[in-house]
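This report refers to the structure that appears directly beneath it.
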DNA sequence: TAATATTTTTAGATTTGTCTAAATTTTATT
DNA sequence: AATAAAATTTAGACAAATCTAAAAATATTA
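Residue numbers (the working numbering), protein chains in the order written: chain B, 603 to 822; chain X, 603 to 822.
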């Protein structure tokens, strides 16, 4: 089954939302996609006739297995292109999203398989997000946000959930990047902020908001 | 000025045709694009309002300077992507055209400039076609089809004008690729066929049809 | 040059994806 | 439970890109 660019964008957004809420509702999808609820309803009918959506009027909706596979195909393409843009073309990681949004809709199995091989079959994109394989299998990593890491433990940064330019700016300031090793020194109950030691740098304090968005895992 | 994918495809085809005939007419563009004459007329009106086309009803049409620059932008993107697909992803050169047809419509100046640098600013694509620079300047090469090379001269293959799978098959058979050195041994007046010597291979005879489609230049 | 053929354009329809405004259904609140 | 509010869907419109069929303009030829 093949999909239009617009269909793929809806599929991707539904997948994203249903990861968090199970069932998705019309308004939240409209908000996510910056479109109108009426447009969402129109597309839902189309996706239902394509048999990739469980959808009953007024009841909410979610992708079925075929729909999830379709979503993972798009996610795979998106993340492989992001990896390419950062690793090969030397883009900053916060500049690649919108270009990858276009590239992800190029439909050629062989292109993506060759790109995957050319890049060395990476498991995670430049933001630390897992890259599904061609069967839709997602690599797992035992990661936790910094707030949930106990004091005195040392961990390696594996992903960042807020990928805004503002967040990137903060992380640069703290010398935090993917792969950076961090030791948790102290937790402040008052505001949830953390004192941390970034390897090769002096100790510093990060807010709870930052700590909740930076994910890390224990040494492999 | 930016263009839709459809507009870009028309612009590219008009450019291609007007290189050969100067003025382009509706039916030949419809044939080239495998669409209907009525659709062409519709698009011509649009391109005229965008001020990139000289067009008078029933009189034929051609791109003006702005239109040519737009066409060269698309050609540049197409050929850079083809180069990427062959050199980096190891596609066969006859498999890349349709994928490059999609990639060429991704619009990001920075993407293309970075891709160009990543590829080492190539001057010619895998078919030997020149890659315009970002200003629309086309590298020139003193090339001639094999039929026009005098007997006893040795030349280097620089491009192939017919890029069909069938042609590729023939060239593989003759051990001819871009960069191959060929000596013209004899011309047969009867049917225009040529006896040639491909470097490191024994002499063979190619038809006039092949000779007219293989371009070559004298040693740099 | 008058009749015929070809080319090109117009008129009107279709599909996809979107929108606004109104109607309907569901949910929340008094 | 009745009413108000919120969420969702429907109805109808629009723009882009295409198409078919018919009309208009141009070119060919007898």
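Where is the CB? At the ideal position from N, CA and C, for every residue including glycine.
Buried or exposed: which applies to residue i, given that a residue is buried once 16 or more other Cβ atoms fall within 10 Å of its Cβ?
{"i": "residue 612(X)", "result": "buried"}
{"i": "residue 706(X)", "result": "buried"}
{"i": "residue 782(X)", "result": "buried"}
{"i": "residue 624(X)", "result": "exposed"}
{"i": "residue 622(B)", "result": "exposed"}
{"i": "residue 805(X)", "result": "exposed"}
{"i": "residue 669(B)", "result": "buried"}
{"i": "residue 790(B)", "result": "exposed"}
{"i": "residue 617(X)", "result": "buried"}
{"i": "residue 730(B)", "result": "buried"}
{"i": "residue 718(B)", "result": "buried"}
{"i": "residue 750(B)", "result": "exposed"}
{"i": "residue 640(B)", "result": "exposed"}
{"i": "residue 620(X)", "result": "buried"}
{"i": "residue 636(X)", "result": "exposed"}
Specify the secondary structure class of residue i as computed by DSSP and reduced to three states.
{"i": "residue 779(B)", "result": "coil"}
{"i": "residue 685(X)", "result": "helix"}
{"i": "residue 765(B)", "result": "coil"}
{"i": "residue 720(B)", "result": "helix"}
{"i": "residue 714(X)", "result": "helix"}
{"i": "residue 757(B)", "result": "strand"}
{"i": "residue 643(B)", "result": "helix"}
{"i": "residue 745(X)", "result": "coil"}
{"i": "residue 698(X)", "result": "coil"}
{"i": "residue 771(B)", "result": "helix"}
{"i": "residue 729(B)", "result": "coil"}
{"i": "residue 797(B)", "result": "strand"}
{"i": "residue 814(X)", "result": "helix"}
{"i": "residue 606(X)", "result": "coil"}
{"i": "residue 739(B)", "result": "coil"}
{"i": "residue 789(B)", "result": "strand"}
{"i": "residue 613(X)", "result": "helix"}
{"i": "residue 618(B)", "result": "helix"}
{"i": "residue 707(B)", "result": "coil"}
{"i": "residue 680(X)", "result": "helix"}
Would you say residue i lies against chain B (beta-carbon separation less than 9 Å)?
{"i": "residue 736(X)", "result": "no"}
{"i": "residue 605(X)", "result": "no"}
{"i": "residue 693(X)", "result": "yes"}
{"i": "residue 720(X)", "result": "yes"}
{"i": "residue 713(X)", "result": "yes"}
{"i": "residue 614(X)", "result": "no"}
{"i": "residue 799(X)", "result": "no"}
{"i": "residue 770(X)", "result": "no"}
{"i": "residue 687(X)", "result": "yes"}
{"i": "residue 690(X)", "result": "yes"}
With 9 Å as the threshold, decide whether the Cβ of residue i is near any Cβ in chain X.
{"i": "residue 740(B)", "result": "no"}
{"i": "residue 696(B)", "result": "no"}
{"i": "residue 710(B)", "result": "yes"}
{"i": "residue 704(B)", "result": "yes"}
{"i": "residue 716(B)", "result": "yes"}
{"i": "residue 554(B)", "result": "In the structure displayed, chain B extends from 603 to 822; residue 554(B) sits before or after that span and is not available."}
{"i": "residue 646(B)", "result": "no"}
{"i": "residue 814(B)", "result": "no"}
- Query: Given 8 Å as the limit, is there contact between the segment 619 to 635 of chain X and the segment 789 to 807 of chain B, that is, 3 or more CB pairs closer than that?
  - Reply: no
- Item | Contact between the segment 684 to 704 of chain B and the segment 651 to 667 of chain B (3+ Cβ pairs under 8 Å) | no
- Query: Taking only runs of the beta strand (DSSP E) that begin and end inside the segment 622 to 673 of chain B, which ones reach a length of at least 3 residues, in chain order?
  - Reply: 655 to 658 and 662 to 665
- Query: Does the segment 755 to 775 of chain B come close enough to the segment 705 to 724 of chain B that 3 or more CB-CB pairs lie under 8 Å?
  - Reply: no
- Item | Validate contact between the segment 730 to 743 of chain B and the segment 798 to 809 of chain B using beta carbons, cut 8 Å, 3 pairs | no
- Item | Cβ pair count under 8 Å reaching 3, the segment 634 to 649 of chain B against the segment 693 to 705 of chain B | no
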